[in-house]
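S.K.:
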Amino acid sequence: MNFKCPHCEKKSIPAAHKLGATPATPAQCLLCGKLSSEPIGGRALSALLFGLIPLVVIFYALTVSRLWPVYTYFGLAVVGAILWFILVPLRPVTDAVHEREYKLRRGIWIAAGLFVALSFLMSALGD
Ligand SMILES: [Zn+2]
0 MNFKCPHCEK
10 KSIPAAHKLG
20 ATPATPAQCL
30 LCGKLSSEPI
40 GGRALSALLF
50 GLIPLVVIFY
60 ALTVSRLWPV
70 YTYFGLAVVG
80 AILWFILVPL
90 RPVTDAVHER
100 EYKLRRGIWI
110 AAGLFVALSF
120 LMSALGD
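In numbering that gives the first Met the number 0, the protein residues as written are 0 to 126.
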């Protein structure tokens, strides 16, 4: 199953590439080679659907001592995620946006690495 490229309008993007395509790690069209990603709101939406709301549902299920709200919720959330995957089209990503997002992500990893290295150094010097 392939998805439509927003640049050349051909169904040339494999499903595996669409899954989790972001501006930093975009999907590449097999025909025109241009980049695309899921809409920006997708990440926030899935964090809400699979992160925050389940906590509330599980808390509710515990208070009523019934498991059906949990099963019902996850059933609906999974169906919603699959529908999103199939129905929501990819958005075009320009090289400039990709470059910026990639650098931003790399910068965050470098900063995190430096922080961990510094923490080790500080604790080693402290002893
Ligand atoms: Zn294309």
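Ideal Cβ positions, reconstructed from N, Cα and C, are used throughout, including at glycine.
Need the endpoints of the beta strand (DSSP E) that F2 sits in, please.
M.R.: N1 to K3 is the span of the beta strand (DSSP E), which, as asked, contains F2.
S.K.: Compare the C-alpha of A80 against each of R105, P22 and A43 and name the closest.
M.R.: Taking only the C-alpha atoms, the option nearest A80 is A43.
S.K.: Out of R65, A76, L29 and T62, state which residue places its alpha-carbon closest to the alpha-carbon of L51.
M.R.: Of the candidates R65, A76, L29 and T62, the one whose C-alpha sits nearest the C-alpha of L51 is A76.
S.K.: Contact defined as beta carbons within less than 8 Å: I believe S35 pairs with L89. What is the distance between those atoms, to the nearest angstrom?
M.R.: Right, the Cβ-Cβ distance comes to about 4 Å (below 8 Å), so this counts as a contact.
S.K.: Put I81 into one of helix, strand or coil per three-state DSSP.
M.R.: DSSP places I81 in helix when its eight states are reduced to three.
S.K.: Quick one: is the Cβ of L86 within less than 7 Å of any heavy atom of ligand 1?
M.R.: No.
S.K.: For the beta strand (DSSP E) containing V92, name the first residue and the last one.
M.R.: Where V92 is concerned, the enclosing beta strand (DSSP E) stretches over R90 to V92.
S.K.: What does I12 pair with, by DSSP beta-bridge criteria?
M.R.: Answer is F2, bridged to I12.
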